[in-house]
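**Q**
Protein chains: 2
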Amino acid sequence: MAAAPKAVAAQWRSVCPIASSLDLVGDKWSLVIIRDLIQHGTRTYSQFTSSPEHISTNILAARLKALSAVGIIEHVDPTGVARNNAYQLTESGKALRPVLEALGHWAQTYVKPFHPELVDIF
Amino acid sequence: MAAAPKAVAAQWRSVCPIASSLDLVGDKWSLVIIRDLIQHGTRTYSQFTSSPEHISTNILAARLKALSAVGIIEHVDPTGVARNNAYQLTESGKALRPVLEALGHWAQTYVKPFHPELVDIF
DNA sequence: AGTATAACTTGCATTTTACAAGTTAGATCG
DNA sequence: CGATCTAACTTGTAAAATGCAAGTTATACT
Chain A
1 MAAAPKAVAA QWRSVCPIAS SLDLVGDKWS LVIIRDLIQH GTRTYSQFTS SPEHISTNIL
61 AARLKALSAV GIIEHVDPTG VARNNAYQLT ESGKALRPVL EALGHWAQTY VKPFHPELVD
121 IF
Chain B
1001 MAAAPKAVAA QWRSVCPIAS SLDLVGDKWS LVIIRDLIQH GTRTYSQFTS SPEHISTNIL
1061 AARLKALSAV GIIEHVDPTG VARNNAYQLT ESGKALRPVL EALGHWAQTY VKPFHPELVD
1121 IF
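From first to last, the protein sequence lines stand for chains A and B.
Number 43 in my numbering belongs to position 43 of the first sequence; there are no gaps in the numbering.
Number 1008 in my numbering belongs to position 8 of the second sequence; there are no gaps in the numbering.
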């Protein structure tokens, strides 16, 4: 059972499903956070800050809160305290994997010419 | 043959292909512009402004220039004047279709509960 | 020649992101 | 069991991106 649609802070630009997905995860950092969770399974707050992209802590806290609010991520221990309580993807978050795979695959052909240091991950 | 890698304004957050793709198209509007072009084939400047998301004209101009610079879009008539010279996707831009399909598909299951007016497009 | 308009630009307000601290409370150590 | 450490945030302010309302330019049409 998916979570019930509580009040979502997001405002929708249109009824387009693509634009609406982007209204949820189309900011500068959400998909990078989700990538970390796909790669590592679980991730604590300080582990996120040590990823190579160096997200700042206030943005990280805001994104984690927003992604939790729309049921894309959750704490591993939902009732536990915050310290060392890692985050993980929900079913919804895991379902974003094809988006990340498509972005990663596209990069190999069309970004690599501009950025040869690029690595392969999936 | 793909375009040679001229100087790209973008700065790369990391060597991750996903993060790097997002460095190119991960802003608030690029994928919405690309969606328009996938849906309509070609699109003029004023047609973009009449899309339901209402991008402002300065942002539109900046995005069109940036997407052209990295070879994702191009003018239908590369040598013609700007007026009524629509934009279209390059091979690189067309290759982003799987990203948009994945976002659209995800929305049907995981965004619709929050935004029931959502429509189906692919 | 005159007018309409598509394709931008410009100036400034608002929002988002960045950076550098500071705060709080649960865990660890003595 | 009290002091210390540190993970998980918050806060304050600067910089960058986006939004809004005009204005400008040049081409197509009359």
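Each residue gets a CB set at the ideal place from its N, CA and C atoms; glycine is no exception.
Values in this document were obtained by computation on a predicted structure and should not be read as measured data.
What residues match up with A:Thr42 in a beta bridge as DSSP calls it?
**A** Within the first sequence, numbered from 1, the residue matching residue 42 of chain A stands at position 42. The partner list for A:Thr42 (beta bridge, DSSP) reads A:Gln88.
**Q** Can you tell me the Cα-Cα spacing of B:Leu1103 and B:Arg1035, whole angstroms?
**A** Counting from one through the second sequence, the residue named residue 1103 of chain B turns up at place 103. Counting from one through the second sequence, the residue named residue 1035 of chain B turns up at place 35. So the two alpha carbons sit approximately 11 angstroms from each other.
**Q** Decide if the region 1106 to 1120 of chain B is in contact with the region 1069 to 1078 of chain B; the criterion is three or more beta carbon pairs, one per stretch, under 8 angstroms apart.
**A** Contact between the region 1106 to 1120 of chain B and the region 1069 to 1078 of chain B is absent: fewer than 3 CB-CB pairs across the two stretches fall below 8 angstroms.
**Q** Identify which residue in A:Arg63, A:Ser14, A:Leu31 and A:Gly41 has its Cα closest to the Cα of B:Ile1055.
**A** Mapped onto the second sequence, residue 1055 of chain B falls at position 55. Ranking the options by Cα distance to B:Ile1055, first place goes to A:Ser14.
**Q** In terms of DSSP beta bridges, what is A:Ile73 paired with?
**A** In the first sequence, residue 73 of chain A corresponds to position 73, counting from 1. The partner list for A:Ile73 (beta bridge, DSSP) reads A:Leu89.
**Q** For A:Leu60, would you say it is in contact with chain B, using Cβ-to-Cβ distances shorter than 7 angstroms as the test?
**A** Numbered from its first residue, the first sequence carries residue 60 of chain A at position 60. Not an interface residue.
**Q** Here's a check: name, in chain order, each residue in its chain whose Cβ is nearer than 7 angstroms to the Cβ of A:Phe48, leaving out the five neighbours to either side.
**A** Counting from 1 along the first sequence, the entry for residue 48 of chain A is found at position 48. Excluding positions up to five away in sequence, the list reads Ile33, Asp36, Ile55 and Leu60.
**Q** Nearest-angstrom Cα distance between A:Asp23 and B:Asp1077?
**A** As a first step, residue 23 of chain A is located in the first sequence; it is residue number 23 there, counting from the start. As a first step, residue 1077 of chain B is located in the second sequence; it is residue number 77 there, counting from the start. Cα to Cα, A:Asp23 sits roughly 33 angstroms from B:Asp1077.
**Q** Determine whether the Cβ of B:Phe1048 lies closer than 7 angstroms to any Cβ atom of chain A.
**A** The residue labelled residue 1048 of chain B in the question sits at position 48 within the second sequence. For B:Phe1048, the answer is no, since every Cβ of chain A falls outside 7 angstroms of its Cβ.
**Q** So B:Glu1053 contacts chain A; which residues on that side make the cut at Cβ distance below 9 angstroms?
**A** The residue labelled residue 1053 of chain B in the question sits at position 53 within the second sequence. By Cβ distance, chain A contributes Arg13, Ser14, Cys16 and Ala19.
**Q** Taking only the alpha-carbon atoms, compute the straight-line gap between B:Trp1128 and B:Arg1063 and give it to the nearest angstrom.
**A** The first residue shown for chain B is 1001 and the last is 1122, placing residue 1128 of chain B beyond what the model contains.
**Q** Report yes if the CB atom of B:Ile1038 is closer than 7 angstroms to the CB atom of B:Arg1097, and no otherwise.
**A** Numbered from its first residue, the second sequence carries residue 1038 of chain B at position 38. Numbered from its first residue, the second sequence carries residue 1097 of chain B at position 97. In contact: B:Ile1038 and B:Arg1097 (Cβ atoms closer than 7 angstroms).
**Q** Leaving out five residues on either side along the sequence, give the residues of the same chain with a beta carbon under 6 angstroms from the beta carbon of B:Ala1092.
**A** The residue given as residue 1092 of chain B occupies position 92 in the second sequence. Correcting the residue identity first, residue 1092 of chain B is Ser in this sequence and not Ala. Taken in chain order, the residues that qualify are Gly1071 and Ile1072.
**Q** Spatial neighbours of B:Ser1046 within its chain, please: C-beta separation below 7 angstroms, excluding the five flanking residues on both sides.
**A** For this step, residue 1046 of chain B is matched to residue 46 along the second sequence. Closer than 7 angstroms at Cβ, skipping near neighbours: no residue.
**Q** If I follow the unbroken alpha helix (DSSP H) through A:Asp23, where does it start and stop?
**A** Here residue 23 of chain A refers to the residue found at position 23 when the first sequence is read from its first residue. Following the DSSP letters along the chain, one finds A:Asp23 inside the alpha helix (DSSP H) bounded by residues Pro17 to Val25.
**Q** Would DSSP call B:Trp1079 helix, strand or coil?
**A** Indexing the second sequence from 1 puts residue 1079 of chain B at position 79. The sequence as given places Thr at residue 1079 of chain B; Trp does not occur at that position. Three-state DSSP puts B:Thr1079 in coil, outside helix and strand.
**Q** Tell me where the alpha helix (DSSP H) around A:Leu100 begins and ends.
**A** Along the first sequence, one-based indexing puts residue 100 of chain A at 100. Counting along the chain, the alpha helix (DSSP H) containing A:Leu100 begins and ends at Arg97 to Tyr110.
**Q** Can you look up A:Ser14 in the DSSP assignment and give me helix, strand or coil?
**A** Locating residue 14 of chain A in the first sequence gives position 14, counting from the first residue. Three-state result, A:Ser14: coil.
**Q** Could you check whether the Cβ of B:Tyr1110 sits closer than 7 angstroms to any Cβ belonging to chain A?
**A** One-based indexing of the second sequence puts residue 1110 of chain B at position 110. The beta-carbon of B:Tyr1110 is placed less than 7 angstroms from the nearest beta-carbon of chain A.
**Q** Please check if any C-beta of chain A sits within less than 7 angstroms of the C-beta of B:Arg1035.
**A** What you label residue 1035 of chain B is simply residue 35 of the second sequence in a count that begins at 1. Yes, B:Arg1035 lies at the interface with chain A (some Cβ there is under 7 angstroms from its Cβ).
**Q** Helix, strand or coil: which one does DSSP assign to B:Ser1068?
**A** To locate residue 1068 of chain B, count along the second sequence from 1; it is residue 68. If DSSP states are grouped into helix, strand and coil, B:Ser1068 belongs with the helices.
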